[in-house]
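In the working numbering, the protein residues as written are 1252 to 1631. Glycine is no exception: its CB is placed at the ideal position from the N, C-alpha and C atoms. Given the structure is predicted, the values throughout are model-derived calculations rather than measurements.
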Ligand code: PMP
């Protein structure tokens, strides 16, 4: 990676980890077989896929047979939410578009779980709706992400799943942003399904997984082949899968070291607070991922900050600019009850495995210059 740049946009995509790069290059260089073929070449490709399945399963404490590889978390979310045959879907107000859109298109009754000012889902709303009778809801799923991509706020997923189980509801969690940053235990969470994305862990993009609890009823999404135990047809993306497995293993080791990231993030926030005392750190009162900071300075438009930081060699995002060029008011921040002034000002800074103290220093230097230029203009 170009070290004259400071990349602080790990929630959009994380730079490829060296372990994933090595695994991918080995697969590109040596792999000739189709994992479904019975010959030696096929068996070798199969072994690569199954090793990666074990690595991904280990990251979230699931069984390997519960891991189904998909083309990414968008597909995994679309599968569960859009093709689950639900008659009702409870979902967080702050979910990613890949949950919101298939829910809206599914024909199911969609019930939004409201958000508190801290960014945490208000579970009473589900309890209230359920206690007024589930008979009219039918087959129901509760979709609640593990951590938010814009603010890093962590949601009470285990508590939700326990309540859902008692009331015969299914639970899905989008664990894309939490994976590799905080420990995830699929069993302890008690959800039925969980989605993961390779490129947020330091693997390649275009690969992900849906973790499906053993025994859970879920129709195949893609049919027309026996791959993935007939649950997801299509010849496996062997290169993507092996890089995903290697990234999952490396990211799992980093989780134990999450204090390193939160120390860097806290130093960054402290510095920003000193330079711009009016800065608001969105979601900072809740439990957050160690790597994410959503910073809003009232009156300072996020797009302007992102462009100026980019010119200064720093990559960050305005709100949830996962899909490039998308500049709108964030539904996540509005759901927290923040006004449009703050929502339009929020800049997302997200750290990761290769972030160092020097990156934080570079960010703070640029932040100082950008905000000082604004202050002198205001005086002039
Ligand atoms: N869910 C969340 C919370 C995300 O941040 C993203 C990526 N922006 C996705 C799902 C989609 O993942 P993928 O890019 O693998 O389709």
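DSSP-derived helix/strand/coil call for residue i
i, result
"residue 1575", "Caution is warranted here: a pLDDT of 45 is assigned to residue 1575, below 50, making its placement in the model unreliable, and the coordinate value is therefore given only provisionally. Residue 1575 falls in the coil class under three-state DSSP."
"residue 1325", "helix"
"residue 1343", "strand"
"residue 1410", "helix"
"residue 1599", "strand"
"residue 1352", "helix"
"residue 1260", "strand"
"residue 1366", "strand"
"residue 1396", "coil"
"residue 1591", "helix"
"residue 1494", "helix"
"residue 1359", "coil"
"residue 1611", "helix"
"residue 1391", "strand"
"residue 1489", "helix"
"residue 1255", "coil"
"residue 1484", "coil"
"residue 1371", "coil"
"residue 1506", "helix"
"residue 1631", "Low confidence applies to residue 1631: its pLDDT is 48, below 50, so where it sits in the model is not reliable, and the reading given next is rough at best. Coil at residue 1631, not helix or strand."
Cβ pair residue i, residue j closer than 8 angstroms
i, j, result
"residue 1547", "residue 1593", "yes"
"residue 1395", "residue 1381", "no"
"residue 1549", "residue 1597", "no"
"residue 1461", "residue 1446", "yes"
"residue 1496", "residue 1431", "no"
"residue 1424", "residue 1397", "yes"
"residue 1558", "residue 1613", "no"
"residue 1457", "residue 1267", "no"
"residue 1450", "residue 1265", "yes"
"residue 1200", "residue 1312", "The requested residue 1200 does not occur in the structure, where the chain is confined to residues 1252 to 1631."
"residue 1459", "residue 1471", "no"
"residue 1568", "residue 1263", "yes"
"residue 1320", "residue 1492", "yes"
"residue 1622", "residue 1527", "yes"
"residue 1602", "residue 1533", "no"
"residue 1364", "residue 1339", "no"
"residue 1478", "residue 1486", "yes"
"residue 1270", "residue 1500", "yes"
"residue 1489", "residue 1296", "yes"
"residue 1331", "residue 1444", "yes"
"residue 1206", "residue 1494", "A query on residue 1206 cannot be resolved here, the shown segment of the chain reaching from 1252 to 1631 and no further."
"residue 1392", "residue 1335", "yes"
"residue 1675", "residue 1540", "This structure cannot speak to residue 1675, because the chain is shown only from 1252 to 1631."
"residue 1283", "residue 1292", "yes"
"residue 1579", "residue 1599", "no"
Beta carbon proximity, residue i to chain C, threshold 8 angstroms
i, result
"residue 1505", "No chain C is part of this structure, which consists of one protein chain only."
Practice problem: Could you pull out every unbroken alpha helix (DSSP H) segment of at least 4 residues lying fully inside the stretch 1416-1478, listed in chain order? | Solution: 1437-1440
field: Stretch-stretch touch, CB-based, cutoff 8 angstroms, three pairs: the stretch 1371-1378 with the stretch 1403-1418
entry: yes
query: What beta strand (DSSP E) runs, 3 residues minimum, are completely inside the stretch 1266-1321?
result: 1318-1321
| task | Go through the stretch 1509-1581 residue by residue and report every complete run of the alpha helix (DSSP H) that reaches 4 residues or more, in order. | result | 1509-1526, 1553-1562
### Message
With three or more beta-carbon pairs closer than 8 angstroms as the criterion, would you say the stretch 1351-1361 touches the stretch 1408-1417?
### Response
no
Exercise for review: Determine contact between the stretch 1302-1311 and the stretch 1508-1517, defined as no fewer than three beta-carbon pairs at a distance below 8 angstroms.
Suggested key: no
- Would you call the stretch 1514-1528 and the stretch 1598-1617 touching, i.e. three or more CB-CB distances under 8 angstroms? Yes: the two stretches touch, three or more of their Cβ pairs being nearer than 8 angstroms.
Check: Does the pairing of the stretch 1520-1530 with the stretch 1283-1293 give three or more beta-carbon distances under 8 angstroms?
Finding: At 8 angstroms Cβ cutoff, the stretches do not touch.
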